[in-house]
Amino acid sequence: MLSLQEVTVRYRERKALDSVTLEIKKGEFISLMGPNGSGKTTLLSLLTGLISPSSGKIVREISQAEMGFLPQEVSIDRRFPVRVRDVVFMGRVQIKGPFKRFTRDDFELIERVMEDLRIRHLEKRPFGYLSGGEKKKVLIAKALVSSPSLLLLDEPTTDLDPPAQEEMIEIVERIYRERKITIIWVTHILSHLPSFTTRLVFLKDGKKIWDGDPRVNLEEFYA
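Mapping to the working numbering: the sequence shown position 191 is 226, numbers consecutive.
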């Protein structure tokens, strides 16, 4: 699906990523871990095309339109009058374009995804007034209605209380198992590593220091 070959990203004199090689295969659930500042968000920005590498090569077998992305921070002014349903609908607009006619199938997909994400009761609420966890679920729904083949989740459990963290992990597991899409889950917290992870990639100081079995002793990497 995607591969990075000896990719380096520099910000002035600092290397945010240092000669990272990574191949993402269809059907994987990859947990991308590492302490704050290790290069995780930079890596996601590369994959989504938000930034370009300073050196190295990225090979994409899927288009950016086939990627769904949940950013780490969500900032929409409360005064901006956009409802939850409108935000989710935007995901379908992005894939079809603003000038194409929307069909019954499109609207049924939106309804089904909102039900799956447990946000149907929020559909008329202003997005800016939602809790952090509710906003993240809405943005995942927005990504899913575009029918992505790759879903990128940047710190989806950060700043959520324990029940909301558990719900987020359960929802994402259901998405992964039922929709059979490739997912990259980013976190810096050991306890937020999903048990259904198929592959673990660990970054430290911009370098990839582990890529493989998620049952590895992670505490050694944080030392």
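Note that CB positions come from ideal geometry on N, CA and C, so glycine has one too.
Residues that DSSP places opposite residue i in a beta bridge
i, result
"glycine 247", "Leu235"
"arginine 45", "Lys50"
"proline 161", "Arg118"
"lysine 242", "Lys239"
"glutamine 40", "Lys92"
"valine 55", "Val42"
"aspartate 194", "DSSP output for aspartate 194 lists no bridge partner at all."
"leucine 185", "Met102, Thr217"
Opening and closing residue of the alpha helix (DSSP H) in which residue i lies
i, result
"phenylalanine 115", "Neither: phenylalanine 115 is in no alpha helix (DSSP H) and is coded neither H nor E."
"isoleucine 210", "197 to 214"
"valine 148", "139 to 151"
"isoleucine 218", "No alpha helix (DSSP H) contains isoleucine 218, which is instead part of the beta strand (DSSP E) from 217 to 222."
"leucine 179", "167 to 179"
"glutamate 254", "254 to 257"
Nearest-angstrom Cα separation, counted from residue j out to residue i
i, j, result
"tryptophan 220", "leucine 228", "9 Å"
"isoleucine 93", "serine 181", "23 Å"
"valine 148", "phenylalanine 142", "10 Å"
"threonine 56", "leucine 179", "28 Å"
"valine 128", "glutamate 255", "45 Å"
"proline 161", "glutamate 205", "25 Å"
"isoleucine 244", "leucine 253", "11 Å"
"phenylalanine 64", "valine 44", "25 Å"
"proline 249", "leucine 52", "22 Å"
"valine 30", "glutamine 99", "Residue 30 lies beyond the range of the chain shown here (36 to 258); nothing can be said about it."
"glutamate 158", "arginine 120", "5 Å"
"valine 117", "glutamate 201", "28 Å"
"glutamate 58", "glutamate 96", "11 Å"
"glycine 103", "arginine 139", "22 Å"
"methionine 125", "alanine 258", "43 Å"
"lysine 239", "glycine 74", "7 Å"
"methionine 36", "asparagine 71", "27 Å"
"phenylalanine 137", "glycine 247", "43 Å"
"leucine 174", "valine 122", "7 Å"
"histidine 223", "histidine 156", "31 Å"
Limits of the beta strand (DSSP E) - the one that residue i falls within
i, result
"isoleucine 65", "64 to 68"
Every unbroken alpha helix (DSSP H) inside the stretch 59 to 107 [4 residues or more] = Runs found: 75 to 83.
Meets three-Cβ-pair contact criterion under 8 Å: the stretch 112 to 119 and the stretch 155 to 172 = Yes: at least three Cβ pairs fall under 8 Å.
ask   = How about the stretch 82 to 99 and the stretch 168 to 178: do they share at least three Cβ pairs that are nearer than 8 Å?
value = Judged by Cβ distances under 8 Å, the stretch 82 to 99 makes no contact with the stretch 168 to 178, as fewer than three pairs qualify.
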